[in-house]
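S.K.:
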Amino acid sequence: MLLSIKDLTVAFRMGLEDGVMRRAQAVGRVTESGTVGVSFDVPENTTVALVGESGSGKSVTAMSILNLLPDNAERAGAISFMGRDMLAASLADLQGMRGRDIACVFQDPMTSLNPVFTVGHQITEPLVKHLGLAPRPALARAEELLVEVGLPEPKRRLNAYPHELSGGQQQRVMIAMALACEPKLLIADEPTTALDVTIQRQILELLGRLKEKHRMSMLFISHDLGVVGEIADHVVVMRQGTVREQGPVAQIFSNPRDSYTQALLACRPTLDKRGARLMVIDDHIAGRAAAAAGKPKDPQAPVILEATGLTKSFWLKTGVFGRKPFQAVRGASFKLRRGHTLGVVGESGSGKTTMGLTLLRLHEPSGGPAGGQVMFDGRDLLQLGRRELLPVRRRIQVVFQNPYASLNPRFTVGQALIEPMAIHGVGASAAEREARARALLGKVGLDEDAMGKYPHEFSGGQRQRIAIARCLTLNPEVLVLDEAVSALDVSVQAQVLNLLKDLQDELGLSYIFISHDLAVVRFMADEVLVMKDGVVVEQAGVEEILDRPKQEYTRRLMSAIPRGYRAAA
Amino acid sequence: MSVALDKPGDPAAPARVARSEGVWHAAWRRLRADRVGMVSLVVVLLFVVLIVLSATGIVARQWQREVGVPSAPPSIMGPAAKTEAAAIEGPKGPNVDISDVDPLAPRYKEWEERAARYKTAEAPKAQTLPFGGDRLGRDVLAKALKGTQTSVFVGLLAAVVATLIGTLLGALAGFFGGKVGDFLEWLYSVFTSIPEILLLLCFAAVFGRGIGSVAFILALVGWTGLYRQVRAEFLKHSVRDYVRSAEAIGASTASRMFRHILPNVSHVILVRMSLLVVGFIKFEVILSYLGLGVGVDDVSWGTMLAEAQSELILGHWWQLVAATAFMAVFVTAFSLFTDALRDALDPKLRGLE
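If you read the protein sequences in the order shown, they are chains F and V.
In terms of the working numbering, the first sequence opens at residue 1 and continues consecutively.
In terms of the working numbering, the second sequence opens at residue 570 and continues consecutively.
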């Protein structure tokens, strides 16, 4: 057995409170009958996947192997790697093993690479340090590694700085660094989460290939069962710091025993079928079926928002005084009908978010010119003055991707909900506004207690609900959802998607649903725009586009979606 | 709109929801757990009490009275040894009588009577004073207390004014950028390109002496560092999603700047301001030492140190010690408190104690 973890518990000291040390248990649970820790093994030449929602302790478990945790962490239990006790190992021993026997690849390649050193420098560092290579052979080896991870023009890349590479290329460099010393175990912590679906596919294939070639083991951490099913041999499902179920991948996917695992598998939207509602973890655990279909949509509903030839450019500085426009959106045209959802998909950098923000006029006018026409209620949004824009703002609202960033941390939820009403004079008195805020909180499925709490006390899904409730305070007609569920766990995503559908049925809202996830778009949208490099390359009804894509680009996007586990055919 | 939503509920009885612990409460809880921080807070509060007492005239009102003999030593040293006065020999014998030629001679008598009626009551001067006396015999303790009031007041006032200037300009530059930002950056560069002490002296020469003008001068010179930091924070926050979403609900520019962003950067401003207080107290001392600080009928730690220079040659060390001790205790306590405050306001540091 290469790595064996037994009854591991990790707690974080959170500071003294009334003379008693407060601890937050991250891995393992303390119950009356004793402490339940995390135990699993990683055999040689296998990929073990740790799956769970955020906060389930999967990353902390992996990082405690090499003690890459912050100083306030306390570990207990047993971790043995090739027979060595990793908990008792000294820092010097661990530093000798880090990168050499066990290497790590992290989620965000942009922040994991040091921006002031060249790629070559960073890859040769472990070679020189651990293997004692001279600089010249180390550089030659670095080039080999870059070839191995499939980076084009490796010789030139050695002298490039991280910012000169794309996200996928950076992750390849990270993998090359991890492979440099031929480690026996590779810990990959959400290595593809920050990447586009198409890049994710390439990286997954690369990791699988490298594992085979170097006969190493991999501990693969992910929240996405679709990804895990493709790459893992053995799956460990974690929730709230404990292992819910573990077993070979085939068993987990085809015959899951734990209700939580079953629910996780059920709640992810798929490309194959389009249900009215998604399964939610609690529903599934309680044995309820997904609720019945909503009412059908009226294809002849009035057009509420119509864009023709929408363009948006940003100024790029050239030279000292010069500037030239960079066209982020080029000539997008669409119609949005009342109560309908327009899905916008594309890779990052395709201009989909820019298009959404341009509709809302949330870009600095000095940033660059916008062109075309956006007709809303008989008026061109792009031509409105600041004063005329205010009443329109009320009717078009936006939900942002990151629920952790989109709520003001110094406002209580009550303040955040009441502020927009006060600005627009919704509700006659403060008491009425407060009552309305309470009603809306109930509507998005939160307690009244939430009114006095601060955003940091809520989970990501709850925060996104608060953000949605905030938009609803103004009775909007159009909601722009800018990757509104992309930052959420699969299970929470299902709840928020269901909520959005319910609200649409009930309030007749129109959505512009921006996402890189085609499966989610299929669930939500009636019509889909596919964007690439600022241009709408394909535009059609959702069934048509997903069943009969005309463009090569659309097909590529669809084939890149993680398929989950498929029994070898 | 749904029925459930439009029903205004029961506005008569909006059950008050208990508010959760806010950022400031949490900071206070962390600060309370910091022993050094709390001790320094107590010291600072003691100084504040002293300043209030001295400002209201309960202590050290009579600091200008010459209560002791010139350069009276501290009580523990005992009275100064009597120096033999090298007496100039006076003329012996009676004055020459010139009454026969003096036309004012008839009024001699009247004057003598009048002179006899005026009795100069020479107050008995103390030979020693608790902390000693200065060269005029003024009580050094009272001077130090009064000087504390002046110096700390100048430091605080200047810091508040500098913070206001820096925050306002920083917010404008960071939020708007563009032409406004360019202009403010240019202003900032002009101010920082001149050596600080030179700028201080220039302003001091123009505005003259006095507590108010010293505070004003220090504020004019000292806002730049805070401006830079606030600008950076505003640059960072103005593109955050929560500010965008405030814009999307139609919040005005001023509301976004000061209702949304400002509370989120206020801890930075607070810490920076308390650092400024310490710096300005020291600068006031330098200005007063150079004779460009507070007026001649005021006393501050700086003027005391300036006086002490000439006294030291004579071996009269007590004024220097008194001023230095007060300043050292206050500045140290305030700096430690600032440190504790920064730790308390930065939750990322929690759990590492």
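Just so you know, even glycine gets a beta-carbon here, dropped at the ideal spot from N, CA and C.
Here the structure is a predicted model, which means the values were calculated and not measured.
1) So with Cβ pairs under 9 Å, would you call V/Glu816 a contact of chain F?
2) Taking Cβ positions, are V/Ile763 and F/Leu474 nearer each other than 9 Å?
3) Is V/Ala913 near the ligand GDP - that is, is its Cβ less than 8 Å away from at least one heavy atom of it?
4) Classify F/Tyr565 as buried or exposed, calling it buried when 16 or more other Cβ atoms lie within 10 Å of its own Cβ.
5) Using a Cβ-Cβ cut-off of less than 7 Å, list which residues of the segment 777 to 788 of chain V approach chain F; keep chain order.
6) Taking V/Glu816 as the reference, give the member of F/Gln327, F/His121, F/Leu407 and F/Ser4 with the closest Cα.
7) Output the distance between the C-alpha atoms of F/Ala292 and F/His163, rounded to the nearest integer angstrom.
8) At what residues does the alpha helix (DSSP H) containing F/Glu44 begin and finish?
9) Is there contact between the segment 148 to 158 of chain F and the segment 76 to 83 of chain F, where contact requires at least three CB pairs shorter than 8 Å?
10) For F/Gln401, does the three-state DSSP call read helix, strand or coil?
11) Taking the straight line between their C-alpha atoms, what separation do you get for F/Val20 and F/Met14?
12) Check whether the Cβ atoms of V/Ser807 and V/Gly743 sit closer than 9 Å, and answer yes or no.
13) Do F/Gly57 and F/Val27 have their C-beta atoms closer together than 9 Å?
14) What in chain V is Cβ-close to F/Phe106, meaning under 7 Å?
15) Can you tell me where the beta strand (DSSP E) with F/Thr341 in it begins and where it stops?
16) Select from the segment 392 to 404 of chain F all residues with a C-beta closer than 7 Å to any C-beta belonging to chain V, and list them in chain order.
17) For F/Asn159, which of F/Pro403, F/Thr124, F/Lys532 and F/Glu190 has the nearest alpha-carbon?
18) Rank F/Ala487, F/Val536 and F/Thr554 by C-alpha distance to the C-alpha of F/Glu544 and give the top, closest one.
19) Grouping DSSP H, G and I as helix and E and B as strand, with all else coil, what is F/Pro476?
20) From F/Leu87 to F/Ile5, what distance separates their C-alpha atoms?
21) Tell me, to the nearest whole angstrom, how far the beta carbon of F/Ser54 is from that of F/Gly460; I am working on the premise that it is less than 8 Å.
22) So F/Arg465 contacts chain V; which residues on that side make the cut at Cβ distance below 8 Å?
23) Going by the CB atoms, is the gap between V/Phe722 and V/Gly791 shorter than 9 Å?
24) From the DSSP output, read off the bridge partner residues of F/Tyr511.
25) In angstroms with no decimal places, state the Cα-to-Cα distance between F/Asp101 and F/Glu182.
26) Please report the distance separating the alpha-carbon of F/Gly368 from that of V/Lys805.
27) Pick helix, strand or coil for F/Cys267, following the three-state DSSP scheme.
28) Can you confirm whether V/Leu905, when its beta carbon is compared against all beta carbons of chain F, has any partner nearer than 9 Å?
29) Counting along the chain, where does the beta strand (DSSP E) carrying V/Met842 start and finish?
30) When the Cα atoms are used, what is the spatial distance from F/Asp108 to F/Phe117?
31) For F/Gln551, I'd like the list of residues in its chain whose CB is within less than 8 Å of its CB, leaving aside the five on either flank, ordered along the chain.
32) For V/Leu914, which residues from the same chain have a beta carbon less than 6 Å from its beta carbon, with the 5 sequence-adjacent residues on both sides left out?
33) Can you tell which of V/Gly862, V/Ala692 and V/Ile882 has its C-alpha closest to the C-alpha of V/Ala773?
34) Check whether the Cβ of F/Ala569 lies closer than 9 Å to any Cβ atom in chain V.
35) So F/Gln202 is in the alpha helix (DSSP H); what residue range does that whole segment cover?
M.R.: Checking against the coordinates, here is how it stands:
1) yes
2) no
3) With respect to small molecules bound, the structure shown includes none, and the ligand GDP cannot be examined in it.
4) buried
5) none
6) F/Leu407
7) Since pLDDT at F/Ala292 reaches only 48, below the 50 mark, its modelled position is unreliable, and no value is offered.
8) Element bounds for F/Glu44: n/a, residue is neither H nor E.
9) no
10) coil
11) 10 Å
12) yes
13) yes
14) Here the premise fails: no neighbours, minimum Cβ distance about 19 Å.
15) Thr341 to Val345
16) Arg393, Arg394, Gln397, Val398, Phe400 and Asn402
17) F/Thr124
18) F/Thr554
19) coil
20) 11 Å
21) 7 Å
22) In chain order: nothing, as chain V lies at least about 14 Å away.
23) no
24) F/Thr341 and F/Leu479
25) 7 Å
26) 20 Å
27) coil
28) no
29) Per DSSP, V/Met842 belongs to no beta strand (DSSP E); it is in the alpha helix (DSSP H), Leu831 to Tyr858.
30) 17 Å
31) Val530, Val537 and Glu538
32) Ala596 and His836
33) V/Gly862
34) Any reading at F/Ala569 needs caution, since the residue's pLDDT is 37, under 50, leaving its predicted position unreliable; the model's value is listed next. No, F/Ala569 does not count as interfacial toward chain V.
35) Val197 to His214
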